[in-house]
Structures are given as C-alpha cells and as structure tokens.
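Structure first, then comments.
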Amino acid sequence: RASAIAHCAETGGGCGETWRRRKFEEWVDLTRMQRGRTRRTTEVFSAGRRWLSGGGGPSQIRVLNPSCLTRGEGRSKLSEALREDGVCVVKDVFPSSWIQDRLCSARQKFDECISVAAGHAGRFEVGIQHGFKEAVHRARGRYDILLGVNGAREFLDGELRFSHLVQQVFGSDHKLLFNGMLYSLPGCAEQAWHADGEHLFASKEYNLLPLHCLNVFVPLVDIVSRGPHANGGTEFCLQSHRLTCGEDNIIWQCPQHKEAIGHKSAPAPLDCTAGSIVLFDYRILH
Numbered sequence: 537r538a539s540a541i542a543h544c545a546e547t548g549g550g551c552g553e554t555w556r557r558r559k560f561e562e563w564v565d566l567t568r569m570q571r572g573r574t575r576r577t578t579e580v581f582s583a584g585r586r587w588l589s590g591g592g593g594p595s596q597i598r599v600l601n602p603s604c605l606t607r608g609e610g611r612s613k614l615s616e617a618l619r620e621d622g623v624c625v626v627k628d629v630f631p632s633s634w635i636q637d638r639l640c641s642a643r644q645k646f647d648e649c650i651s652v653a654a655g656h657a658g659r660f661e662v663g664i665q666h667g668f669k670e671a672v673h674r675a676r677g678r679y680d681i682l683l684g685v686n687g688a689r690e691f692l693d694g695e696l697r698f699s700h701l702v703q704q705v706f707g708s709d710h711k712l713l714f715n716g717m718l719y720s721l722p723g724c725a726e727q728a729w730h731a732d733g734e735h736l737f738a739s740k741e742y743n744l745l746p747l748h749c750l751n752v753f754v755p756l757v758d759i760v761s762r763g764p765h766a767n768g769g770t771e772f773c774l775q776s777h778r779l780t781c782g783e784d785n786i787i788w789q790c791p792q793h794k795e796a797i798g799h800k801s802a803p804a805p806l807d808c809t810a811g812s813i814v815l816f817d818y819r820i821l822h
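Note that the sequence shown covers residues 537 to 822 in the numbering used here.
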C-alpha cells in the first residue's frame, strides 16, 4: 500500500501532488500509531521512491537467519525482502551431511550428463542450439541440468525446509515447475546481464504486480565474491524486477541491459555459505 501511494506521490504534480503527499503523510502517521513501526514505514516509502526513480537503492542482499523458517516475523521479513529488493538469502539452513550427500550426487549427475551428451553429438557444445531438453551448456563451463535431477527425490525438498517459505511468499497454493542443477566449473565464462523470465504483462502500467514465479537455489559450495578464495558469485541489480517490464529481450544475455532499464545502483554480489537458501524473483536482472 505504501508503494502504491509512493507511486501516486511520484507521478503527481502541483496541487494534486501536494494533496497526495499530505494524504500519504496522514497514512504514515496512522500507521505509526497503529503498528508502532515508525522506522519501518519510513523505509518502505523511501525504498518505493528509490526504485521508481531508478537509482539510489540498497547495495547489499538481505541475509536472514534460519528462524524465518518457523517464526511469523521472520517470514514477514522474507516476503518484504523479495517484494522490495527481489532477492534474499536465508543462511545456513541445511547441515553439512546433507550438503555433502547432494554434492556427491550432483557430481555423479554431471558426469552422467556429459557422457550422454557426448554419445549423441561427440561433445557437448556451448549454446542453446546445441542443447537438449534435459541439459544445456549455457556458457563455457556453465551447465544447466535436468537429467537425473528433475523430479529426483534426493534433490527435492523432502524435509520441507523451504516449501512452506514459498507458500508464505505467495500467500496461496503454488506449483513446482521443475527442479534442476546449475553446475559451474573453475574458470567458467561470465554471464552477461539477464532476467530468467518476463512480467505477466508487457505494459509498464503493470510493472508493480506481485511476484508470480520464484527461483529457489541451495548452493552446495560456499559462494565467495571477493578475496583469495573468490569463486564468482552472481551479482543482482536490487529492485530491478520493478524496471524490467516491457523489455522483450530481457531474458537474453546482454551487457547493456542494466543501463537500458535505467538501473543506476551498483550491483550487489551474492555471498553465502553452502546449505543456505537463495530466493529471487525471476524478473530481477542478474
């Protein structure tokens, strides 16, 4: 609601703008009394104005404790982070034993995938045009794999550690589209900016619709963006899920996407430990 009023205040003018801002201030005062969240309310309006103006947004990905898996307040913070920033990390959810079991399975599935692909075409070439329904060599050293993973019980959320988080985010029933594995080798090629999917409607007037498709990742190795042990780490343009509406080619990698949509803030690198949960709106630029 604050975002909607922020939009109204940003686009108003003259006496209309004064009236809208006064109404917003009255609403803020009422919220302060009812909820006792003075700072929270101010931040909502501030964030709303930032992404509507296309700059000055946050520079770090929000990291939440595992308590958000069970506590109502924590789940609320998760929903807030996804709504405002488009991405969030819940740290240290899965134990080391779980991580090692899945990492071992992931390596086996990768070897199997390479072998099967080579049997069909001699070797696994880079590019969608050389890919398969079950696997694609996205960029040099980067593989997107469904073979042996999609629907496999060992890779599903058998312990329900994040399924109810997804339920909380959507606020209604949801459907799993697929589960797969992203496998990156040392020295792999960098990816250019892109979003994993588009908005439901192309018209800019609908660019504030709630999240409708959510990506959930569980890193099986520590992700470090800087320092001697850096191994990469995806960079996110925080709040850019509000700016990608109407960009027909946003799902295709392009170094100019960030400037094209008017995102002026520095990208936020992803840093997290193995076994954390990374959730992001599939409309966000990364």
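Using N, Cα and C, we set each Cβ at its ideal position, and we do this for glycine too.
Start-end ranges of the beta strand (DSSP E) lying completely within the stretch 627 to 701, minimum 3 residues: 671 to 675, 678 to 681
Going by CA-CA distance only, name the one from VAL814, ALA810, LEU600, LEU821 that's closest to ASP637. For the purposes of this step, residue 637 is identified with residue 101 of the sequence shown, where counting begins at 1. Comparing Cα-Cα distances from ASP637 to each of VAL814, ALA810, LEU600, LEU821, the minimum goes to ALA810.
In three-state terms, what does DSSP make of LEU514? The structure shown has nothing for residue 514, since the chain only spans 537 to 822.
Name the DSSP bridge partner or partners of PRO722? Position 186 of the sequence shown, counted from the start, is the residue given in the question as residue 722. According to DSSP, which records beta bridges pairwise, PRO722 is partnered with nothing at all.
Supposed contact pair GLU771 and PRO803 - C-beta distance, whole angstroms, cut 8 Å: As a working mapping, residue 803 is identified with position 267 in the sequence shown. As a working mapping, residue 771 is identified with position 235 in the sequence shown. The pair is a contact, with the Cβ atoms about 4 Å apart (cut-off 8 Å).
Under the DSSP definition of a beta bridge, which residues are partnered with VAL599? The sequence position of residue 599 within the sequence shown is 63, counting from 1. DSSP, once it has assigned bridges, lists VAL625 as partnering VAL599.
At which residues does the alpha helix (DSSP H) containing HIS793 begin and terminate? Residue mapping note: residue 793 aligns to position 257 of the sequence shown, counting from 1. Run containing HIS793: 793 to 796, per the alpha helix (DSSP H) assignment.
Report yes if the CB atom of LEU713 is closer than 8 Å to the CB atom of GLY769, and no otherwise. Your numbering for residue 713 matches position 177 in the sequence shown. Your numbering for residue 769 matches position 233 in the sequence shown. Cβ atoms of LEU713 and GLY769: not closer than 8 Å.
Excluding the 5 residues flanking GLN703 on each side, which residues of the same chain have their C-beta closer than 7 Å to its C-beta? Taking the first residue of the sequence shown as 1, we reach residue 703 at position 167. Correct list, in chain order: HIS710.
Just to check, is the beta-carbon of ALA688 closer than 7 Å to a non-hydrogen atom of the ligand NAD? Here there are no bound small molecules, and the ligand NAD is not part of this structure.
Straight-line gap, PRO764 to LEU756 (C-alpha atoms, nearest Å): Taking the first residue of the sequence shown as 1, we reach residue 764 at position 228. Taking the first residue of the sequence shown as 1, we reach residue 756 at position 220. Rounded to whole angstroms, PRO764 to LEU756 spans 19 Å at the Cα level.
Within 10 angstroms of the Cβ of ARG819, are there 16 or more other Cβ atoms? Answer buried if so, exposed if not. Counting from one through the sequence shown, the residue named residue 819 turns up at place 283. With 16 or more other Cβ atoms within 10 Å, it is buried.
With respect to the beta strand (DSSP E) encompassing ASP817, which residues constitute its N-terminal and C-terminal limits? As a working mapping, residue 817 is identified with position 281 in the sequence shown. Residues 813 to 817.
Chain-order list of residues whose beta-carbon lies under 7 Å from that of VAL843 (same chain, five-residue window excluded): Residue 843 cannot be examined here, being either before or after the span of the chain that is shown, 537 to 822.
Which value, in whole angstroms, describes the spacing of the CA atoms of LEU815 and PHE630? As a position in the sequence shown, residue 815 is number 279, starting the count at 1. As a position in the sequence shown, residue 630 is number 94, starting the count at 1. Going by the C-alpha atoms only, they are around 15 Å apart.
What number of angstroms, rounded off, separates the C-alpha of ALA796 from the C-alpha of LEU614? Within the sequence shown, residue 796 is the residue found at index 260, counting from 1. Within the sequence shown, residue 614 is the residue found at index 78, counting from 1. Between ALA796 and LEU614, the C-alpha separation is close to 29 Å.
Distance between ASN785 and ARG611 (C-alpha atoms, nearest Å): On the sequence shown, residue 611 is found 75 positions in, with the first residue counted as 1. On the sequence shown, residue 785 is found 249 positions in, with the first residue counted as 1. Near 33 Å, if we compare the C-alpha coordinates of ASN785 and ARG611.
Between SER801 and ALA657, what straight-line distance do the alpha-carbon atoms span, to the nearest angstrom? Here the question's residue 801 lines up with position 265 in the sequence shown. Here the question's residue 657 lines up with position 121 in the sequence shown. Going from the Cα of SER801 to the Cα of ALA657 covers about 43 Å.
LEU600 beta carbon less than 8 Å from that of CYS624: The residue you call residue 624 lines up with position 88 of the sequence shown. The residue you call residue 600 lines up with position 64 of the sequence shown. It is a contact, given that the beta carbons lie within the stated cut-off.
Reference CYS749, options GLU734, THR780, ALA653, ARG778, closest by Cα: As a first step, residue 749 must be located in the sequence shown, where it is residue number 213. Nearest C-alpha to CYS749: GLU734.
When the Cβ atoms of the stretch 661 to 673 are set against those of the stretch 786 to 794, are three or more pairs found closer than 8 Å? no
Would you tell me roughly how many angstroms separate the C-alpha atoms of LEU683 and CYS781, rounded to the nearest one? The count along the sequence shown starts at 1 and reaches residue 683 at position 147. The count along the sequence shown starts at 1 and reaches residue 781 at position 245. Whole-angstrom Cα-Cα distance: 32 Å.
Kindly list the residues whose CB is nearer than 8 Å to the CB of GLY723, restricted to its own chain and excluding five residues on each side of it in sequence; keep chain order. Counted from its first residue, the sequence shown places residue 723 at position 187. So the qualifying residues of the chain are GLY677.
Going by beta-carbon coordinates alone, are HIS730 and CYS773 separated by less than 8 Å? Translated into the one-based positions of the sequence shown, residue 730 becomes position 194. Translated into the one-based positions of the sequence shown, residue 773 becomes position 237. No, the Cβ-Cβ distance between HIS730 and CYS773 is not below 8 Å.
Pull up the DSSP beta-bridge partners for ILE759, would you. Here the question's residue 759 lines up with position 223 in the sequence shown. For ILE759, which the question treats as bridged, DSSP gives the partners CYS808.
Other residues of its chain near VAL685: CB distance less than 7 Å, five sequence neighbours each side excluded: On the sequence shown, residue 685 is found 149 positions in, with the first residue counted as 1. These residues qualify, in order along the chain: LYS645, PHE691, ASN715, GLY716, MET717.
Taking the C-alpha atoms as reference points, what is the distance between LYS740 and LEU779? By one-based count along the sequence shown, residue 740 stands at place 204. By one-based count along the sequence shown, residue 779 stands at place 243. The straight-line gap from Cα to Cα measures roughly 9 Å.
With DSSP run on the structure shown, which of helix, strand or coil describes PHE772? By 1-based counting over the sequence shown, the position of residue 772 is 236. Three-state result, PHE772: strand.
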